[in-house]
Amino acid sequence: MISLGNLPHLISTYGCWAVALIVTLESMGVPLPGESLVIAVAIFAAKTGQTQIATVIAAAAAGAILGDNIGYWIGRRFGYPLVIRYGRLFGLTEPRIKLGQYLFLRYGGRIVFLGRFVAEIRTFGALLAGINCMDWRRFLAANAASGITWATVYGLGGYLVGDHIPDLLGPMGIMLFTVVIVAAVAMYEFLRRHEKRLQAKAEQALPGPLRHAHYDRGRWFGRS
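Residue 341 is where the sequence shown starts when you use our numbering, and the numbers rise one by one after that.
Below, the structure written as structure tokens:
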């Protein structure tokens, strides 16, 4: 947790802009303690009354939405061409890349929403959505819903529960991390056993060369 002792200066100098900035950077892919900062500022708001919890939640939600959209843009505009060019060096053949796009096409909304609550996914979830060419409108809807929900849960949690929230979130974080690991192993085994069948479905859903599939569904960035 970020120390409450440093918060009076931080809040008096920068206000909740600091919350928005840190959460934005974390959501873009920079490993920063955005979640801890939201909780700490919420506790500070409850103890001092120097800032409104609604302002804290709004700043955190805005940072989450903005940062994820920037991360998505970076992944889609720059990450995708790198994967196309160098993916084969890491075993990412064209059918496998298209399979990733297909999975985000079907399950991207759930991945984006739930990933916001898992630190190991939150930092890179938007980048992966962009790299896998998830439709931006679907991404934005899931991203906005998850950002607002996440900011509200952790903001109100810190405000209402106060210093006890780290004791509550510790076991919850371990549980979520364990669930993510188990789910990742199960997903890997499922994909390994059914890769060919899923690749056939991906090709049916996204026919044609990868470049065309990317740019035809990427009008947000225009054609090159």
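Backbone N, C-alpha and C fix where the C-beta goes; we use that ideal spot for every residue, glycine too.
Bear in mind that the values here come from a model prediction, so they are computed numbers and not experimental data.
Relative to the C-alpha of L377, which residue among P371, T388, I362 is closest?
Taking the sequence shown and counting its residues from 1, one reaches residue 377 at position 37. For the residues P371, T388, I362, the minimum Cα distance to L377 belongs to I362.
Limits of the unbroken alpha helix (DSSP H) element including D408 = Along the sequence shown, read from residue 1 onward, the residue named residue 408 stands at position 68. Per DSSP, D408 belongs to the alpha helix (DSSP H) from 393 to 414.
What whole-angstrom Cβ distance do A545 and Y442 have, given they're in contact under 8 Å?
-> Looking up residue 545 in the sequence shown gives position 205. Looking up residue 442 in the sequence shown gives position 102. So it is a contact: roughly 6 Å between Cβ atoms.
#### Entry: Local Cβ density within 10 Å of V370, reported as buried at 16 or more and exposed below that
Counted from its first residue, the sequence shown places residue 370 at position 30. Of the other Cβ atoms in all chains shown, fewer than 16 fall within 10 Å of the Cβ of V370; this residue is therefore exposed.
ask   = So, helix, strand or coil for F430, using DSSP?
value = On the sequence shown, position 90 is the one that residue 430 refers to. Three-state DSSP puts F430 in a helix.
Which term fits Y499, buried or exposed, when burial requires 16 or more other beta carbons within 10 angstroms of its beta carbon? Here residue 499 refers to the residue found at position 159 of the sequence shown. When all chains shown are included, Y499 counts as buried.
Requested in this report: Please name the residue, chosen from Y494, K536, L480, A469, that lies closest to G419 on a Cα-to-Cα basis.
Outcome: The residue you call residue 419 lines up with position 79 of the sequence shown. For the set Y494, K536, L480, A469, the Cα lying nearest the Cα of G419 is the one of A469.
| said: Between the alpha carbons of T391 and A404, how many angstroms are there, rounded? | reply: Numbered from 1 along the sequence shown, position 51 holds the residue referred to as residue 391. Numbered from 1 along the sequence shown, position 64 holds the residue referred to as residue 404. Going from the Cα of T391 to the Cα of A404 covers about 20 Å.
Expected contact under 8 Å - CB spacing of Y412 and F479 to nearest Å: Stepping through the sequence shown from its first residue, residue 412 is reached at position 72. Stepping through the sequence shown from its first residue, residue 479 is reached at position 139. In this structure Y412 touches F479 by the C-beta definition: roughly 6 Å separates them, less than 8 Å.
- Item | Exposure label - A400; buried when at least 16 CB within 10 Å | On the sequence shown, position 60 is the one that residue 400 refers to. Its Cβ being crowded by 16 or more others within 10 Å, A400 is buried.
Inset, instruction - Alpha carbon to alpha carbon, how far is G407 from G414? Give it in angstroms, no decimals. - result: Against the sequence shown, residue 414 aligns to sequence position 74. Against the sequence shown, residue 407 aligns to sequence position 67. Here residue 414 is Ile; the residue named in the question, Gly, does not match the sequence. Their backbone Cα atoms lie some 11 Å apart in a straight line.
Please list, in chain order, all residues of the same chain as L467 whose beta carbon is under 7 Å from its beta carbon, the five residues on each side excluded. Locating residue 467 in the sequence shown gives position 127, counting from the first residue. Sequence-distant Cβ neighbours of L467 in its own chain, meaning closer than 7 Å and more than five residues away, are G369, G411, I414, G415, G419.
**Request:** Identify which residue in R428, P421, T364, G427 has its Cα closest to the Cα of A398.
**Result:** For this step, residue 398 is matched to residue 58 along the sequence shown. Minimum Cα distance to A398 is reached at T364.
I need the straight-line Cα distance from V380 to C356, nearest angstrom please.
Here residue 380 refers to the residue found at position 40 of the sequence shown. Here residue 356 refers to the residue found at position 16 of the sequence shown. The question names Val, but residue 380 in the sequence shown is Ala. Rounded to whole angstroms, A380 and C356 show a C-alpha spacing of 12 Å.
For F430, count the other beta carbons within 10 Å of its own beta carbon; 16 or more makes it buried, fewer makes it exposed. Which is it?
Position 90 of the sequence shown holds residue 430. By the 10 Å Cβ count, F430 comes out exposed.
Using three-state DSSP, classify P421 as helix, strand or coil. Taking the first residue of the sequence shown as position 1, residue 421 is located at position 81. In this structure, P421 counts as helix in the three-state DSSP scheme.
- Task: With a threshold of 16 other CB atoms inside 10 Å of the CB of L422, please say whether the residue is buried or exposed.
- Result: To locate residue 422, count along the sequence shown from 1; it is residue 82. Flag for L422 reads exposed.
Express the C-alpha separation of K536 and W490 in angstroms, rounding to a whole number. Here residue 490 is taken as the residue at index 150 of the sequence shown, counted from 1. Here residue 536 is taken as the residue at index 196 of the sequence shown, counted from 1. For W490 and K536, the distance between alpha carbons rounds to 37 Å.
With a threshold of 16 other CB atoms inside 10 Å of the CB of G548, please say whether the residue is buried or exposed.
Taking the sequence shown and counting its residues from 1, one reaches residue 548 at position 208. Here G548 is exposed. Its C-beta has fewer than 16 other C-beta atoms within 10 Å.
- Query: Thinking C-alpha only, which one of G487, L439, N472 is nearest H453?
  - Reply: Within the sequence shown, numbered from 1, the residue matching residue 453 stands at position 113. The question names His, yet the displayed sequence has Phe at residue 453. The shortest Cα separation from F453 among G487, L439, N472 belongs to G487.
| For I383, which of L496, L538, R533, L432 has the nearest alpha-carbon? | Taking the sequence shown and counting its residues from 1, the one referred to as residue 383 is at position 43. The shortest Cα separation from I383 among L496, L538, R533, L432 belongs to L496.
* Entirely within the segment 448 to 473 and at least 4 residues each: give me those alpha helix (DSSP H) ranges in chain order. => Correct list: 459 to 462, 465 to 471.
So is the beta-carbon of M368 under 7 Å away from any non-hydrogen atom of the ligand ZN? The ligand ZN is not part of this structure, which contains no ligands at all.
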